[in-house]
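> Protein chains in written order, with full-length UniProt numbering: chain A, 1 to 517; chain B, 1 to 249. The beta carbon of each residue, even a glycine, is placed where N, CA and C say it ideally should be. The structure presented is a predicted model; accordingly, all values stated were derived computationally and were not measured. One structure, pasted below without further comment.
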Amino acid sequence: MAAPQFEVPKLTGNIEVPAVKEGASAHVRSYPANAVIQESIGFPGGAAPGELVEGWHDKAISKMGDLLGRYRSLQVFMDACVHCGACTDKCHYFLGTGDPKNMPVARQDLMRSVYRRHFTFAGKYFPSLVGAKDLTKEVLDDWYAYYYQCSECRRCSVYCPYGIDTAEVTMAGREILDTVGYGQKYTNEIIGKLHKIGNNLGLPGPALLDTLEGMEEDMLDATGVAVKLPLDVAGVEVLLVTPSADFFAEPHVESLMGYAKVFHAAGISWTLSTTASEAGNFGIFIGSYENMRRAAMRIREAALELGVKRIVVGECGHAWRVAYSFWNTLIGVGAGGEDPFSIELQKQLDPRYPAPQHICEFTLDLIKQGKLKFDKSLNDHRVVTFHDSCNVARGSRMGDIPGGQFIIPREVIKAVVNNYHDMAEETIGEGTYCCGGGGGILTDDLLEIRVKGALPRMEAFNNEVQENKVNFLALICAICKSQFTKVVPFYGFDMSMVGGVHQLVSTAILLENKEEE
Amino acid sequence: MSFLTVLYACIFYAATAMLVGGLAVKINRYARTPAPLKIPTTPAPTTTGGVVFRMAREVALFESLFKSNKWIWLFGWLFHVSLLLVTLRHLRYFTDPVWFWVVWAQPFGKYAGFAMVAGLGGLWARRFLVDRVRYISTPSDHLMLVLLLGIGLSGLGMSFVAHTDIVAVKEFFLGLMVFDLHPLPADPVLLVHLSLVALLMVIFPISKLLHAPGIFFSPTRNQTDDSRERRHIAPWATKFDVGSGSKSK
């Protein structure tokens, strides 16, 4: 690996709050999107990447007004902050960089100062008193820098006395930037690929089929059992929607094989879909309801077309948030809808199971029914800890009790491994630190902020490595997997220490050859 | 009737109108703006009862702030609870006969003034002493604390140092409520106290003091976590459903 162009933080054994260093990460900016990328997802593009469209000032202000009227969260959050400081030491990007604009309140203030100037009495008449600012190109440049140094992990919202969620502000900021042609290349290109080809990696159907066949052969060689990875099979029980990284990237594929083995061992028919070959939904990252809905719609259509009874979502954090929290709203997957749109789907899906269901819920349910057999000692070379992915921990749930998302993955892990240790309590569960790569940050042009943002998680992980000889960081998010494999070497760890929960399941599960029915 | 009495009567009528009218406008806007997506911060309650309980804990105990920072919690909670006690005590100036529980709260309210000032002092000190909090503080953040400290100190001054003619003050406010003016004592400490209170009422609906109604409308705290059980859809979003893969209405 080439030497990084920035200083990698040293692990000290403690998560320390740095002194404020103004402008410390102002230079960290991702590549802006060009006009073609912008237009492919319904936004305008400027003359050159990052150049604003004509009339940008009024367009941006009018978009802000539109969003304030559309989202109660944004309207309330713009007004309710008292600058108490409760969030100032909660963001992993502030802890990693010391740049004060990475403190959640200051990140919000980038927008709040413009909101005050244009939408409030105090800001119109006493701007300097309340920190109100006109919207200038420099302000938008600041937005672009710092709204793309936020992983929308929502850790700050847990600690805010008013529940102010910076992710909502970041999303609005990015949507306004997109509206004036100042989009981010990484996220917007991926959304475009998803709309055009069906998944974030831009994998066409034949390539997908080829990959799956290759993996079936690998599993046959390794286990002697013919575990299948079905694609586009109609009339089966389960449609599995998983992040497309599971088809190609390491260690993601290990989890995909884990899911396949679970389905095989439980004897439940299932399929993947070429048109719904992506659980990830980057529409959420740019706050675009329309793009998010359009991306989710493929899943609804595939479910109807294939006639499945259940929809299960693979290991992906923000995908699970969109699926669990938003699919019912966006595409009627879930119960309780009384409109023709959702009734159509409810008639087809099996009401005994929640829709959608997380793969960990699915697997644990089978474990509890005694349908899966494991040899835990096959994982004895591993000492495991679990990272609660932010979108799962703070934006969604599993099971039927609050906090089920903290219990269920750990129960799955404990059913398949003998050696398990949790990281320090304040760094997991609802207070979990983000991997540093979520929310549209997972691009090489933002490597510096990714490495620095991972610092708090790395401290907690390192403490477990030192004290309990932990050598495996178990994950249920594709972005966490990609981020950590890239970032842990900067902190002196081997990337093979990173892997999925179903990778552990895959190692320990005992399989039999099943006759095709 | 003295000019002073008429002036303060006008000030309080205007301040009350601005407080009530301004809050009504803001609350109306919060209530009318849709919350298109389910965004409760987890672990979130799955029932309405659970949400009410969660909100009650937030409002009464500042639960999230407690998790966040013990110093801010201590000063913030001390200030707010003291302010509540002091305000309850002040009801005696607006009711005749005085309700029994206001009489009961009187001694607590009287000494809570000190705790209120102490809480405000702690919060203000943080704005100078903690570099992160110093960075985020605007002039209005400081002025708001100065205003509240001024109200607290002038009030304490009247309770413990230079008493004002409280019987006349009460007659003034009781009269104000039925549009029957009674003379207001021309006591400088009282006039400062009342002016600052009127100023607080005026800026309430145009300032960060909107956190008081805002907390009740915060979707991350007031939504039930039942997105798989109930379809939640905003009026502006329903239009997308029409004609996209299913029968339109």
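What residues in the region 155–170 of chain A bring their beta carbon closer than 8 Å to a beta carbon of chain B?
Result list: Ser-157, Val-158, Tyr-159, Cys-160, Pro-161, Tyr-162, Gly-163, Ile-164, Asp-165, Glu-168.
> Please check the pair Arg-107(A) and Tyr-146(A), which I expect to be a contact at CB under 8 Å, by giving their CB distance rounded to whole angstroms.
That pair is a contact at about 6 Å.
> Strictly below 8 Å CB to CB, what residues from chain A border Ala-44(B)?
Arg-397, Pro-402
> Counting along the chain, where does the alpha helix (DSSP H) carrying Val-158(A) start and finish?
155–159
> Can you give the Cα-Cα distance for Val-82(A) and His-211(B), rounded to whole angstroms?
7 Å
> Helix, strand or coil for residue 542(A)? Go by DSSP, reduced to three states.
Only positions 1 to 517 of chain A appear in the structure, and residue 542(A) is not among them; the question remains open.
> With DSSP as the reference, label Ile-509(A) as helix, strand or coil.
Here DSSP, grouped into helix, strand and coil, assigns Ile-509(A) to strand.
> Check whether the Cβ atoms of Leu-184(B) and Thr-5(B) sit closer than 8 Å, and answer yes or no.
yes
> Would DSSP call Val-470(A) helix, strand or coil?
coil
> Taking the alpha carbon of Leu-511(A) as the reference point, which residue from Phe-493(A), Phe-6(A), Val-225(A) has its own alpha carbon closest?
Val-225(A)
> For a test of the three-state rule: what should DSSP assign to Arg-132(B), helix, strand or coil?
helix
> By alpha-carbon positions, which one of Phe-114(B), Leu-85(B), Ala-115(B) ends up nearest to Val-102(B)?
Leu-85(B)
> In chain B, what lies closer than 7 Å to Pro-354(A) by C-beta?
Arg-228, listed in chain order.
> Return the CA-CA distance between Ser-389(A) and Leu-475(A), expressed in angstroms with no decimal places.
Rounded to the nearest angstrom, the two C-alpha atoms are 7 Å apart.
> Can you check whether the CB of Leu-364(A) is closer than 8 Å to the CB of Glu-411(A)?
yes
> So who's on the other strand from Trp-270(A), going by DSSP bridges?
Val-238(A)
> If I'm right that Tyr-93(A) touches Gly-431(A) with Cβ under 8 Å, what's the distance once you round it to whole angstroms?
In fact, because the Cβ distance is near 16 Å, the residues do not count as touching under 8 Å.
> Which one of Leu-194(B), Val-133(B), Leu-143(B), Thr-48(B) has the shortest CA to CA distance from Val-169(B)?
Closest in C-alpha terms to Val-169(B), from the list Leu-194(B), Val-133(B), Leu-143(B), Thr-48(B), comes Leu-194(B).
> Under a three-way DSSP split, which group does Val-233(A) fall into?
coil
> Ignore the nearest five residues each way along the sequence and tell me which others in Val-36(A)'s own chain have a CB closer than 8 Å to its CB.
Gly-45
> Taking C-alpha atoms, which residue in Pro-32(A), Glu-168(A), Tyr-31(A), Phe-126(A) lies nearest to residue 606(A)?
With chain A running from 1 to 517 in the structure shown, residue 606(A) is simply not present.
> Can you tell me where the alpha helix (DSSP H) with Arg-230(B) in it begins and where it stops?
For Arg-230(B), no alpha helix (DSSP H) run applies, since DSSP gives it neither H nor E.
> Would you please verify whether the beta carbon of Tyr-135(B) is less than 8 Å from any beta carbon of chain A?
yes
> With 7 Å as the C-beta to C-beta threshold (strictly closer), list the residues of the region 194–214 of chain B near chain A in chain order.
Ile-206, Ser-207, Lys-208, Leu-210, His-211, Gly-214
> In this structure, how does DSSP classify Phe-43(A) when only helix, strand and coil are distinguished?
In the structure shown, Phe-43(A) falls within a coil segment according to DSSP collapsed to helix, strand and coil.
> Can you name, in chain order, every residue of its own chain whose Cβ lies under 8 Å from the Cβ of Ala-48(A), other than the five neighbours on each side?
Asn-34
> According to DSSP, simplified to helix, strand and coil, what is Gly-85(A)?
coil
> Which residue comes first and which comes last in the alpha helix (DSSP H) that contains Thr-443(A)?
Where Thr-443(A) is concerned, there is no enclosing alpha helix (DSSP H), given that its DSSP letter is neither H nor E.
> My output table needs one value for Lys-249(B): the three-state DSSP class, helix, strand or coil.
Only weak support exists for where Lys-249(B) lies, its pLDDT of 31 falling under 50; the value from the coordinates is given anyway. Coil, per DSSP.
> With 8 Å as the threshold, decide whether the Cβ of Arg-394(A) is near any Cβ in chain B.
yes
> Among Val-498(A), Asp-444(A), Thr-507(A), which has the Cα closest to the Cα of Arg-29(A)?
With distances taken between Cα atoms, Arg-29(A) lies closest to Asp-444(A).
> Please report whether the beta-carbon of Ala-64(A) lies at a distance below 8 Å from any beta-carbon of chain B.
The sequence given here has Met at residue 64(A), not Ala. No, its Cβ sits nowhere closer than 8 Å to a Cβ of chain B.
> Enumerate in chain order the residues of its own chain whose CB-to-CB distance from Arg-116(A) is below 6 Å, with the five nearest sequence positions on each side excluded.
Excluding five sequence positions before and after Arg-116(A), the CB atoms of its chain that fall closer than 6 Å to its own CB belong to Gly-123, Val-130, Ala-132, given in chain order.
> Name, please, each residue of chain A whose Cβ falls closer than 7 Å to the Cβ of Trp-236(B).
Arg-70
> Taking buried to mean at least 16 other C-beta atoms within 10 Å of its own C-beta, is Trp-73(B) buried or exposed?
It counts as buried.
> Label His-27(A) either buried or exposed according to how many other C-beta atoms from any shown protein chain fall within 10 Å of its C-beta, with 16 as the threshold for buried.
exposed
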